[in-house]
Amino acid sequence: MTAFTTKLLRWYQGHQRDLPWRRQNDPYKIWVSEVILQQTRVEQGLPYYQRFIHRFPDVGSLANAAEQDVLKHWQGLGYYSRARNMHAAARQLCNQYGGALPKTPEALRQIKGIGPYTAAAIASIAFGHPIAAIDGNAYRVLSRYFASSLPIDSSAGRKYFQDLGNQLLSDGPSGDFNQALMDVGAGICTPRQPQCTNCPLIDECRAYSLSIQDAFPVKSKSLQRRERSFHFLWVEDENCVAFEQRQAGDIWQGLYQLPLIEQRPADSKNAWLKTLTKLTDTKVAPQLVWHTRHLLTHQNLHIYFYKLRLTRQQTQALSNKSIQWVPFNNIAALPVPRPLEQLLQQKGLARH
DNA sequence: AAGCCGTGGAA
DNA sequence: TTTCCAAGGCT
Numbered sequence: 396m397t398a399f400t401t402k403l404l405r406w407y408q409g410h411q412r413d414l415p416w417r418r419q420n421d422p423y424k425i426w427v428s429e430v431i432l433q434q435t436r437v438e439q440g441l442p443y444y445q446r447f448i449h450r451f452p453d454v455g456s457l458a459n460a461a462e463q464d465v466l467k468h469w470q471g472l473g474y475y476s477r478a479r480n481m482h483a484a485a486r487q488l489c490n491q492y493g494g495a496l497p498k499t500p501e502a503l504r505q506i507k508g509i510g511p512y513t514a515a516a517i518a519s520i521a522f523g524h525p526i527a528a529i530d531g532n533a534y535r536v537l538s539r540y541f542a543s544s545l546p547i548d549s550s551a552g553r554k555y556f557q558d559l560g561n562q563l564l565s566d567g568p569s570g571d572f573n574q575a576l577m578d579v580g581a582g583i584c585t586p587r588q589p590q591c592t593n594c595p596l597i598d599e600c601r602a603y604s605l606s607i608q609d610a611f612p613v614k615s616k617s618l619q620r621r622e623r624s625f626h627f628l629w630v631e632d633e634n635c636v637a638f639e640q641r642q643a644g645d646i647w648q649g650l651y652q653l654p655l656i657e658q659r660p661a662d663s664k665n666a667w668l669k670t671l672t673k674l675t676d677t678k679v680a681p682q683l684v685w686h687t688r689h690l691l692t693h694q695n696l697h698i699y700f701y702k703l704r705l706t707r708q709q710t711q712a713l714s715n716k717s718i719q720w721v722p723f724n725n726i727a728a729l730p731v732p733r734p735l736e737q738l739l740q741q742k743g744l745a746r747h
């Protein structure tokens with residue numbers, strides 16, 4: 396066993412975090428935790444994990460749930476395909492494996508929403524399978540320790556660090572190895588200002604010895620997102636509010652929202668009103684009761700909010716585009732995007 | 001393969 | 001204010 400692995404495992408004995416999914420060895424709970432924690436910090440995912448496990452304690456309860464209920468428990472966490480995929484996967488598991496999770500990475504990879512990392516994590520942590528789980532933490536720790544400039548977002552880089560991790564793992568306890576690597580990455584070998592003096596791997600870390608920790612990991616592409624402006628329209632009749640469910644191929648798939656008009660940021664200020672007038676196919680513009688201007692900018696998302704009074708004719712026209720009329724007291728059951736959730740809460744519109 | 005999917009915290 | 005990016009996976 397290498398010095399790397401020996402020191403890592405020894406450190407883990409005294410410094411591992413006390414996390415709920417580590418308190419037992421239920422593969423289902425390990426699966427849930429791994430999916431929740433994809434691209435998500437422990438602090439952010441922890442309350443979601445607790446609520447999710449409480450409501451869906453096993454594969455069967457998840458398989459039997461309605462998708463809306465599953466999405467509701469994911470509301471606000473983001474990357475909602477994770478919830479949809481887990482829901483589908485639970486049904487898949489009930490049909491193929493009698494509700495149990497398979498034990499090999501290869502079989503796990505066939506499950507919806509389980510990729511190379513999650514398959515390795517479940518196989519190693521739940522079943523002791525000897526494979527390294529290479530996540531963002533592992534990429535960071537390994538690339539610094541070996542001062543490796545291979546881009547971690549290239550296919551060559553992924554293969555290199557996977558092989559490297561597997562070699563270091565050797566015949567040691569794979570679950571502990573992987574979780575130890577994650578704990579070091581999350582708490583010590585952090586993206587910025589790593590706490591090297593507390594690191595069990597400081598002695599042989601090449602990046603530290605050269606004081607070039609900030610240079611790793613190397614990524615070839617930089618992420619940038621397009622800017623979008625959403626204009627949410629609150630349209631109500633006596634008892635109900637107009638909602639629609641978002642479709643595939645875009646953000647917030649499967650979630651519910653107020654009818655919206657998207658306008659490119661470059662468009663003129665009231666372009667949405669023209670669009671709505673066209674949409675409702677009348678010469679008269681819909682009456683605006685009130686609106687919020689730039690209620691919140693959510694990263695690159697600009698959210699606007701308008702309460703409208705429509706003529707019966709306009710409402711009819713709007714109904715043509717798969718509008719669902721939701722009673723006021725049913726709104727709270729709908730999974731909605733975070734910006735809309737905050738909007739409804741601020742305006743006190745979710746209760747009646 | 002490259003682009004996309006959410007949200008919140010930190011600097 | 002802007003930028004980065006966190007226990008990735010899908011198309």
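Residue numbers (this note's numbering): 396 to 747. Each residue gets a CB set at the ideal place from its N, CA and C atoms; glycine is no exception.
Assuming L564 and P525 form a contact by the criterion Cβ under 8 Å, report the distance between their Cβ atoms to the nearest whole angstrom. 6 Å between Cβ atoms; contact.
Whole-angstrom C-beta distance between W685 and K669, which should lie under 8 Å: K669 to W685, Cβ: 19 Å. No contact.
On the DSSP bridge assignment, give the partners of L683 in chain order. Answer by DSSP bridge pairing, in chain order: L703.
Verify whether the separation of the beta carbon atoms of H697 and E622 is less than 9 Å. Against a cut-off of 9 Å, the Cβ pair of E622 and H697 comes out as a contact.
Thinking C-beta only, is P422 closer than 9 Å to A521? Contact flag set, yes.
Using C-beta distances below 7 Å, list every residue in its chain close to Q709, excluding the 5 sequence neighbours before and after it, in chain order. Here Q709 has T675, T677, P681 as same chain residues with Cβ atoms under 7 Å from its own Cβ, once five neighbours each way along the sequence are excluded.
Other residues of its chain near Q487: CB distance less than 7 Å, five sequence neighbours each side excluded: I506, K507
Can you tell me whether DSSP reads P500 as helix, strand or coil? helix
Using the rule of at least 16 other Cβ atoms within 10 Å of the residue's Cβ for burial, across every protein chain shown, is H747 buried or exposed? Confidence at H747 is low in this model, with a pLDDT of 42, below 50, so its placement is unreliable and the value that follows should be read with caution. Counting Cβ neighbours within 10 Å, H747 comes out exposed, since fewer than 16 surround it.
Here's the rule: buried if 16 or more other CB atoms are within 10 angstroms of the residue's CB, otherwise exposed. What is L605? exposed
Based on DSSP bridge pairs, tell me the residues matched to I698. I698 is bridged by DSSP to F625, L691.
Close beta carbons around P415, own chain, < 6 Å, minus the five adjacent residues each side: none
For L655, does the three-state DSSP call read helix, strand or coil? strand
If you count every other CB in all the chains shown that lies within 10 Å of the CB of P732, and 16 or more means buried, which is it? Buried is the label assigned to P732, since at least 16 other Cβ atoms lie within 10 Å of its Cβ.
Count the other C-beta atoms from every protein chain shown that fall within 10 angstroms of the C-beta of Y407, then say buried if there are 16 or more, exposed otherwise. Flag for Y407 reads buried.
Own chain residues within Cβ distance below 6 Å of V454, not counting five before or after: Y423, A485, L488, G494
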